[in-house]
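Counting from 1, position 174 in the sequence shown corresponds to residue 642 in the numbering used here; the numbering is continuous, with no gaps.
Even for Gly, the Cβ is constructed at its ideal location relative to N, Cα and C.
What follows is a set of notes on a single structure, which appears directly below.
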Amino acid sequence: MPAFSNGTEDNPEQPVARIVVEHWPPWQIADDDKQEQVTRGYAIEIIEELFNRLNVPVKFQYAPWRRALKLIENGRADLLPMVSEHPARAPYMVFTVPVYRDPILLAYSLDTYKYFGWQNWADLKDYSIRAVRGYNYGDNWRDAVQEQRLRVSESATDMQNLQMLAQGRVELTPLLYSNGVSLLKDKDYTNIRFAEKPIFTTVLRFGVSKQSFLVARLPEINIHLNAMKQDGTFARILGPLYRPRFTAKR
């Protein structure tokens with residue numbers, strides 16, 4: 469169980485790293501009914517180990533994705549786990565070395581299609597697609613949405629999109645593979661499958677607010693993350709998700 473410390477009782481002057489999280493299995497998991505009390509998950513374990521090595525207490529705070537980005541932008545949170553580097557975020561966020569590489573695949577329901585595959589962006593223009601507001605699906609995806617006029621609408625979470633997919637209200641939804649597998653297993657969506665071709669392979673990192681005291685410690689953070697990849701910590705935490713090429717330095 470991660471330690472949720474505010475760092476004020478033992479040493480009021482000790483800076484506390486404010487980590488903004490939401491329910492996003494398998495990286496961040498909340499077991500309460502509202503799914504707002506994140507207490508476990510692969511990213512939580514990595515953060516706990518990392519900040520133990522840094523000797524910095526942490527405080528986890530819940531926020532949905534778009535609000536989480538605003539908290540980082542405004543300096544009201546210090547670190548956002550499992551975020552991709554993108555020019556739109558560069559003005560207010562700096563990034564660690566890669567934590568994990570994961571493909572984003574299009575999910576579909578067997579109730580709608582016995583099989584779905586695609587090769588070119590133009591192949592997708594006749595399908596109704598549901599994405600998540602604020603997610604980075606890659607520059608090629610963004611360009612394809614505009615150039616091919618893909619029929620993409622948006623929701624707040626992947627779970628909402630999966631529900632719509634299962635109900636036949638949309639035909640496709642892009643999912644980060646590790647997260648998608650966990651969500652499907654958790655909700656027993658046995659009729660949902662993934663297309664083989666990824667729309668993007670994302671490099672997940674930790675994003676640090678440019679207003680945070682952690683910016684000065686970014687080189688040290690990177691050293692510890694790379695050490696954790698080499699000393700077996702990542703292999704122990706990630707278990708079946710661990711692949712050395714997904715956690716390489718670059």
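Nonlocal neighbours in the same chain, by C-beta distance under 8 Å from residue i, ignoring five residues either side
i, result
"Ala599", "Tyr605, Val620, Ser621, Glu622, Ser623, Asn629, Thr641 and Pro642"
"Tyr510", "Pro494, Trp495, Ile705, Leu706 and Leu709"
"Ser473", "Low confidence applies here, because Ser473 scores a pLDDT of 39, under 50, leaving its location unreliable; read the following figure in that light. Excluding sequence neighbours, Ser473 sits near Val484, Pro525, Val526 and Lys527."
Distance between beta carbons of residue j and residue i, contact taken as under 8 Å
i, j, result
"Arg557", "Gly675", "7 Å"
"Arg685", "Thr564", "Incorrect: roughly 11 Å between the Cβ atoms, too far for contact."
"Val526", "Ala498", "16 Å between Cβ atoms; not a contact."
"Asp594", "Asn659", "Not a contact, Cβ separation roughly 22 Å."
"Gly585", "Glu639", "Not a contact, Cβ separation roughly 13 Å."
"Val649", "Pro566", "No, Val649 and Pro566 are not in contact; Cβ-Cβ is about 20 Å, not under 8 Å."
"Arg601", "Arg661", "So it is not a contact: roughly 25 Å between Cβ atoms."
"Leu618", "Leu592", "6 Å"
Same chain, Cβ closer than 7 Å to residue i, neighbours up to 5 away in sequence not counted
i, result
"Ser677", "Ile540, Gly543, Ala545, Asp546, Tyr560 and Met561"
"Thr476", "The pLDDT assigned to Thr476 is 44, lower than 50, so where the model puts this residue is not dependable, and the model offers no usable value."
"Trp609", "Ile667 and Phe668"
Residue i, enclosing alpha helix (DSSP H) - first and last residue
i, result
"Ser650", "Tyr645 to Lys655"
"Arg601", "First-last for Arg601: undefined, no H or E at that position."
"Leu537", "Trp533 to Glu541"
"Val613", "Asp607 to Glu615"
"Arg619", "Unbroken run through Arg619 is the beta strand (DSSP E), Arg619 to Ser623; no alpha helix (DSSP H)."
Distance, residue j Cα to residue i Cα
i, j, result
"Ala575", "Asn647", "12 Å"
"Val551", "Tyr530", "15 Å"
"Thr519", "Gln505", "Reading off the sequence shown, one finds Phe at residue 519, where the question assumed Thr. About 20 Å."
"Val489", "Gln616", "34 Å"
"Leu633", "Arg569", "25 Å"
"Phe702", "Ile514", "8 Å"
"Tyr503", "Pro532", "Correcting the residue type first, residue 503 is Gln in the shown sequence and not Tyr. The alpha-carbon atoms of Gln503 and Pro532 are separated by roughly 11 Å."
"Glu481", "Arg521", "19 Å"
"Pro687", "Asp654", "37 Å"
"Gly700", "Leu693", "11 Å"
"Asn690", "Ile512", "17 Å"
"Met627", "Ala695", "34 Å"
"Tyr583", "Asp500", "36 Å"
From the options, residue whose alpha carbon lies closest to that of residue i
i, options, result
"Gln631", "Gln616, Leu652, Arg617 and Phe519", "Leu652"
"Ala536", "Pro555, His491, Thr658 and Arg704", "His491"
"Asn719", "Val613, Tyr581 and Gln698", "As displayed, the chain neither begins before 469 nor continues past 718, which places residue 719 out of reach and without an answer."
"Arg637", "Ser577, Val683, Asp656 and Tyr657", "Ser577"
"Ala590", "Asp607, Asp611, Leu548 and Asp656", "Asp611"
Sequence-distant residues of its chain with Cβ nearer than 6 Å to residue i (five each side left out)
i, result
"His554", "Asn604"
"Pro571", "Tyr645, Pro666 and Thr669"
"Gln679", "Gly543"
"Arg718", "Residue confidence for Arg718 is low, a pLDDT of 40 falling below 50, so the modelled location carries little weight and cannot support an answer."
"Phe681", "Pro483"
"Ala716", "Since pLDDT at Ala716 reaches only 45, below the 50 mark, its modelled position is unreliable, and no value is offered."
"Ser596", "Arg619, Val638 and Glu639"
"Leu548", "Val488, Ala536, Ile540 and Gly675"
Span of the beta strand (DSSP E), counted from its first residue to its last, around residue i
i, result
"Pro666", "Ile660 to Ser677"
"Asp626", "Premise fails: Asp626 lies in the alpha helix (DSSP H), Asp626 to Ala634, not in any beta strand (DSSP E)."
"Phe528", "Val526 to Tyr530"
"Thr507", "Val506 to Arg508"
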